[in-house]
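Residue numbers for the sequence shown follow our numbering, so the first one is 2 and each next one is one higher. Yeah, the Cβ is synthetic: ideal placement off N, Cα and C, and Gly gets one too.
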Amino acid sequence: MPKIQKEEVRQLPINQIEPNPFQPRVKFDEEALQELANSISAHGLLHPIIVRAIGHGYQVIAGERRLRACKQLGWTTIPAIIRVMDDRAAAELALIENLQRRDLHFFEEAEGYERLLAEFNLTQDELAKRIGKSQSSIANRLRLLKLDKDIRDIISREMISERHARALLRLASAQEQLEVLQQVIAENLSVRQTEELIKNRLQQPEETTPKQRRKIIFKDIRLFTNSLKELTNSLTDSGLEVDYQEAEDDQFYRVTVTIKKPERRDH
2 MPKIQKEEVR
12 QLPINQIEPN
22 PFQPRVKFDE
32 EALQELANSI
42 SAHGLLHPII
52 VRAIGHGYQV
62 IAGERRLRAC
72 KQLGWTTIPA
82 IIRVMDDRAA
92 AELALIENLQ
102 RRDLHFFEEA
112 EGYERLLAEF
122 NLTQDELAKR
132 IGKSQSSIAN
142 RLRLLKLDKD
152 IRDIISREMI
162 SERHARALLR
172 LASAQEQLEV
182 LQQVIAENLS
192 VRQTEELIKN
202 RLQQPEETTP
212 KQRRKIIFKD
222 IRLFTNSLKE
232 LTNSLTDSGL
242 EVDYQEAEDD
252 QFYRVTVTIK
262 KPERRDH
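Here's what the structure looks like:
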């Protein structure tokens, strides 16, 4: 059985290591970072970071939190493994490492997917195979990015769950989404309560302007008078005495219909 070659761990100057531009994690929890620094101070760095050589220095591929924690401790060098990889491989590894940690925010994960798809012209199926996810899970995450950026920021800041965020997608406008989100926060609504609130909102009839009366334009006045004559004949057939008269001058066309009142019969 061939021996597996062990990757060499080298001590690299921290000031020569740049952050990864493909890092999906946007926000780093300062309290968690301090806890990691305390752990490294007590027990040492258990796992070296992974970097690649660029220009006159290096770029961290995996282990940016560890690098930041070591900087806080005042370290000048850090154990690292140097790998040769292109931009795509570097971006994929950075995303995979963060996904495996399970504490990547769902919006950060979605934005990471979106960037990989756009930067490297991948399909969702191709990306799913490369990072070990299902295509449907990637599609569901990407749908969350349809929410307005301001709304996503509020959801992240207020630590609203992904299921709450997904429920908001049923609302068509950003204004409606914001109104419901504010109510969710103010009343601390559960996912079920939020879904019920949205369901009731969608069932409300839309406000519409009063329908305008349809204007009927008679291009030929005879269409109108013929209708009146037919009505007069119907009244006559029913036993009423009806007198129909037409008159016309330069400006007007006059139609007079006179109906005799039925005689009252006293019992």
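Using the Cβ count rule (16 or more neighbours within 10 Å means buried), how would you classify residue i?
{"i": "residue 75", "result": "exposed"}
{"i": "residue 195", "result": "buried"}
{"i": "residue 25", "result": "buried"}
{"i": "residue 13", "result": "buried"}
{"i": "residue 260", "result": "exposed"}
{"i": "residue 64", "result": "buried"}
{"i": "residue 153", "result": "buried"}
{"i": "residue 79", "result": "buried"}
{"i": "residue 165", "result": "buried"}
{"i": "residue 18", "result": "buried"}
Once DSSP output is grouped into helix, strand and coil, what is the label at residue i?
{"i": "residue 1", "result": "A query on residue 1 cannot be resolved here, the shown segment of the chain reaching from 2 to 268 and no further."}
{"i": "residue 173", "result": "coil"}
{"i": "residue 251", "result": "coil"}
{"i": "residue 186", "result": "helix"}
{"i": "residue 159", "result": "coil"}
{"i": "residue 72", "result": "helix"}
{"i": "residue 44", "result": "helix"}
{"i": "residue 107", "result": "helix"}
{"i": "residue 26", "result": "coil"}
{"i": "residue 241", "result": "coil"}
{"i": "residue 122", "result": "coil"}
Opposite residue i in the DSSP bridges: which residues?
{"i": "residue 81", "result": "11, 50"}
{"i": "residue 132", "result": "Answer is none; residue 132 lacks a bridge partner."}
{"i": "residue 63", "result": "51"}
{"i": "residue 257", "result": "246"}
{"i": "residue 19", "result": "60"}
Expressed to the nearest angstrom, what Euclidean distance is found between the alpha-carbon atoms of residue i and residue j?
{"i": "residue 189", "j": "residue 159", "result": "11 Å"}
{"i": "residue 99", "j": "residue 205", "result": "42 Å"}
{"i": "residue 192", "j": "residue 106", "result": "18 Å"}
Taking 6 Å as the cut-off, is the CB of residue i close to at least one heavy atom of the ligand NAD?
{"i": "residue 11", "result": "For the ligand NAD, the structure offers nothing, since it holds no ligand at all."}
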